[in-house]
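Asker: I'd like to ask some things about the structure below.
Chains as they are written, first to last, in the working numbering: chain Y, 204 to 717; chain B, 2 to 88.
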């Protein structure tokens, strides 16, 4: 008996159950799908099932055999009705026998889910009002794809066959082969940003069968995104991009394990979110995130592939995260920060530009995972899409690189523009290059003095005496709990002291961590 | 006596991002007496409305990121490039 088959007559479930009998089995689980009298608010009187039998039988048998192998079941079968059914008739039957109940239950559940999800079977519902409609294949009921198609359209149903992922066209490449495909399947990639760059990146990595994709994006879709983020729909504006992207990834390739994080990467969550990934792709649109990922690469030795675009051009750089090769900070001036050179919103961008760079990023990522040659550390690819000229600029690890120095001193991770920074001791803060500014009043200072050399600038005199500070100085403002110092740092920032920060949690946090 | 003017050299210059926008061109070949990229950029700032100070840019000479004080030779290809962050 074929593990999966169609029947045009009523199912004899007792006979089917007998086929599952086996003396080695201690348990039998079955599922029956019945014709019910309503669907989505319509009263239903009867049903007709139609299937693409030849394909469905092959795929259905594969589903049953996979479940037997996966759960160690002894016997399993699935029979699906076609033709006309009345209310209460059994439309689909699944039976599994196994040594123990757990395998039987689980295999049964997976078989019915996969059959509903993957097989080209449609049902035509006849409603009380005399109307009728073709519904289902379960994929049609997925968000955004639901159509209530009517009878005359069913012959042109767009979902004639729902195939399983097939990587044959890339496995055919000598450099990929089954081994390369297995490498991709076992890879885990973090994509930071699901916008202009992130969309092509996610499309190609999902298509290629990268085993696990995590997506971080704090933004919600806006109509102004769509000229370059052409994966999304106008009707989805207002929704979280991370969730939309994850849904698209699953639709493109259900084999990919996908996670969506609707949040902004910061110094406190970065290590946790990046853990467990082999490669990080920076598809963000701001320097704060880029430099944070750069610091993370140097700290963890995890490679980050950066891409950035501007109007008609862009830059691509691989930071390997070691001490020998250039990082983002080895290339760009210390003064680099958001708001100086303009992002897509400020400077404008033609849609395909991030498309090209995201595609290049996906290509480099796949090559990296497959161990193929590509962009080298110590070089930056720049591509001018007006003149179509490319350049590979050689960069060098700068001996005085601040990011490399911080990573070596294992100073805590910090985003360059973050106002607050955490340390477990003042000695750590001093070794990270901070000069201390005590903003407490004189009584507090006497009770608990800071190390010699700390400047005293009580809140009351902050603005009048700020002139004594160096505009480019790297100051750590300190108070008892971190509240006053945070306010003071904000105030000084607005006066142009770009490098001043506040000790998060104040002196109290140091006592707690001691 | 006035210091001897440095010899004029022909140099290829490429502009990226905001600089390309402000120069209104991607590249040009020019004859200059500038001895290093710093002088060259100062000369170009007199001609184009460049808003970025050199501290915000990097210069690359013959496809290698270089220093602002690195001497220029005839035939050098000089790239002025700011960091970009669009995504």
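Backbone N, C-alpha and C define an ideal beta-carbon position, used for all residues, glycine too.
#1: Excluding the five sequence neighbours on either side, which residues of its own chain have a C-beta within less than 6 Å of the C-beta of residue 274 (chain Y), listed in chain order?
#2: Pull up the DSSP beta-bridge partners for residue 253 (chain Y), would you.
#3: For the alpha helix (DSSP H) that residue 24 (chain B) lies in, which residues bound it at each end?
#4: Throw me the rounded Cβ distance for the residue 76 (chain B) and residue 399 (chain Y) pair, which I believe falls under 8 Å.
#5: Nearest to residue 218 (chain Y) by alpha carbon, out of Y:280, Y:255, Y:244, Y:226?
#6: Can you list the alpha helix (DSSP H) stretches of 4 or more residues lying completely in the stretch 588 to 622 of chain Y, in chain order?
#7: Answer with buried or exposed for residue 508 (chain Y), where buried requires no fewer than 16 other C-beta atoms within 10 angstroms of its C-beta.
#8: Under 7 Å Cβ-Cβ, which residues of chain Y neighbour residue 42 (chain B)?
#9: With a threshold of 16 other CB atoms inside 10 Å of the CB of residue 589 (chain Y), please say whether the residue is buried or exposed.
#10: Got a sec, what are the start and stop residues for the beta strand (DSSP E) residue 530 (chain Y) sits in?
#11: Is the beta carbon of residue 18 (chain B) less than 8 Å from the beta carbon of residue 516 (chain Y)?
#12: Compare the C-beta of residue 308 (chain Y) with all C-beta atoms of chain B and state if any pair is closer than 8 Å.
#13: If you count every other CB in all the chains shown that lies within 10 Å of the CB of residue 322 (chain Y), and 16 or more means buried, which is it?
#14: Under the three-state reduction of DSSP, which class applies to residue 354 (chain Y): helix, strand or coil?
#15: Given that a residue counts as buried once 16 or more other Cβ atoms are within 10 Å of its Cβ, and exposed if not, what is residue 344 (chain Y)?
#16: Shorter than 8 Å from the beta carbon of residue 34 (chain B) to some beta carbon of chain Y?
#17: Considering just the uninterrupted stretch of the alpha helix (DSSP H) at residue 476 (chain Y), what are its terminal residues?
#18: By how many angstroms is the C-alpha of residue 401 (chain Y) removed from the C-alpha of residue 276 (chain Y)?
#19: Under the DSSP definition of a beta bridge, which residues are partnered with residue 583 (chain Y)?
#20: List the residues of chain B that residue 554 (chain Y) touches, going by C-beta distances under 7 Å, in chain order.
#21: Mind reading off the beta-carbon distance from residue 296 (chain Y) to residue 313 (chain Y)? Whole number of angstroms is fine, and I expect it under 8 Å.
#22: Tell me the residue span of the beta strand (DSSP E) that contains residue 631 (chain Y).
#23: Thinking C-beta only, is residue 41 (chain B) closer than 8 Å to residue 33 (chain B)?
#24: Could one say the Cβ of residue 497 (chain Y) lies closer than 8 Å to chain B's Cβ atoms, at least one of them?
#25: Just to confirm before moving on: does the CB-CB distance between residue 606 (chain Y) and residue 530 (chain Y) stay below 8 Å?
#26: By the 10 Å Cβ neighbour count, where 16 or more other Cβ atoms means buried, how is residue 284 (chain Y) classified, buried or exposed?
#27: Mind checking which residues open and close the alpha helix (DSSP H) that includes residue 387 (chain Y)?
#28: Could you spell out where the alpha helix (DSSP H) holding residue 435 (chain Y) opens and where it closes?
#29: What residue does the beta strand (DSSP E) around residue 236 (chain Y) start on, and which one ends it?
#30: If the cut-off is 9 Å on Cβ atoms, which residues from the stretch 503 to 522 of chain Y count as contacting chain B, listed in chain order?
#31: In this structure, how does DSSP classify residue 226 (chain Y) when only helix, strand and coil are distinguished?
#32: Within 8 Å (strictly less), CB to CB, does residue 49 (chain B) reach chain Y?
#33: What do you get for residue 499 (chain Y), buried or exposed, if any count of 16 or more other CB atoms within 10 angstroms of its CB means buried?
#34: Applying the criterion that 16 or more other CB atoms from any shown protein chain within 10 Å of the CB defines a buried residue, is residue 511 (chain Y) buried or exposed?
#35: Taking residue 209 (chain Y) as the reference, which of Y:655, Y:699, Y:245, Y:287 has the closest Cα?
#36: Assuming the contact rule is C-beta atoms closer than 8 Å, residue 485 (chain Y) and residue 496 (chain Y) should be a hit. Round their C-beta distance to whole Å, please.
Answerer: According to the structure data:
#1: Only 306, 309, 310 meet the Cβ criterion.
#2: Answer by DSSP bridge pairing, in chain order: Y:325.
#3: Its alpha helix (DSSP H) spans residues 19 to 24.
#4: For residue 76 (chain B) against residue 399 (chain Y), the beta-carbon gap comes to about 38 Å, at or over 8 Å, which does not count as contact.
#5: It is Y:280 whose Cα lies nearest to the Cα of residue 218 (chain Y).
#6: The stretch 588 to 622 of chain Y contains these whole alpha helix (DSSP H) runs: 605 to 611.
#7: By the neighbour-count criterion, in which 16 or more other beta carbons inside 10 Å mark a residue as buried, residue 508 (chain Y) falls on the buried side.
#8: Correct list: empty, because the minimum Cβ distance to chain Y is about 14 Å.
#9: Around the beta carbon of residue 589 (chain Y), a 10 Å sphere encloses fewer than 16 other beta carbons of the protein chains shown; the residue is thus reported as exposed.
#10: Secondary structure note for residue 530 (chain Y): it is in no beta strand (DSSP E), with a DSSP letter that is neither H nor E.
#11: Inclusion of residue 18 (chain B) and residue 516 (chain Y) in the CB contact set at 8 Å is warranted, their separation being smaller than that value.
#12: False, the Cβ-Cβ gap to chain B never drops below 8 Å.
#13: Answer is buried; the Cβ neighbour count reaches 16.
#14: Since pLDDT at residue 354 (chain Y) reaches only 37, below the 50 mark, its modelled position is unreliable, and the value read off the structure follows with that caveat. It is helical.
#15: Because the pLDDT of residue 344 (chain Y) is 37, which lies under 50, any placement of that residue in the model is unreliable, and the number read from its coordinates should be weighed accordingly. The residue in question, residue 344 (chain Y), is exposed, as its Cβ has fewer than 16 Cβ neighbours within 10 Å.
#16: Between residue 34 (chain B) and chain Y, the shortest Cβ-Cβ separation is not below 8 Å.
#17: Where residue 476 (chain Y) is concerned, the enclosing alpha helix (DSSP H) stretches over 473 to 477.
#18: Cα to Cα, the separation comes out at about 41 Å.
#19: As DSSP reads the structure, residue 583 (chain Y) sits in a beta bridge with Y:520, Y:596.
#20: Per Cβ cutoff of 7 Å: no residues; residue 554 (chain Y) is ~12 Å from chain B at best.
#21: The beta carbons of residue 296 (chain Y) and residue 313 (chain Y) sit about 15 Å from each other, so the pair does not count as a contact at 8 Å.
#22: Per DSSP, residue 631 (chain Y) belongs to no beta strand (DSSP E); it is in the alpha helix (DSSP H), 629 to 634.
#23: Yes, these two residues count as a Cβ contact at 8 Å.
#24: By this cut-off, residue 497 (chain Y) is not an interface position.
#25: Yes, the pair counts as a contact, with Cβ atoms nearer than the cut-off.
#26: Counting the other Cβ atoms within 10 Å of the Cβ of residue 284 (chain Y) gives 16 or more, which makes it buried.
#27: For residue 387 (chain Y), the enclosing alpha helix (DSSP H) stretches over residues 380 to 388.
#28: Neither: residue 435 (chain Y) is in no alpha helix (DSSP H) and is coded neither H nor E.
#29: Per DSSP, residue 236 (chain Y) belongs to the beta strand (DSSP E) from 230 to 237.
#30: Residues 510, 511, 512, 513, 514, 515, 516, 517, 518.
#31: The answer is coil: DSSP assigns residue 226 (chain Y) none of H, G, I, E or B.
#32: At a cut-off of 8 Å between beta carbons, residue 49 (chain B) makes no contact with chain Y.
#33: Classification for residue 499 (chain Y): buried.
#34: A residue is called buried once 16 or more other Cβ atoms fall within 10 Å of its Cβ, and residue 511 (chain Y) is buried on that count.
#35: Closest by alpha carbon: Y:287.
#36: Contact between residue 485 (chain Y) and residue 496 (chain Y) is confirmed by a C-beta separation of about 5 Å, below the 8 Å threshold.
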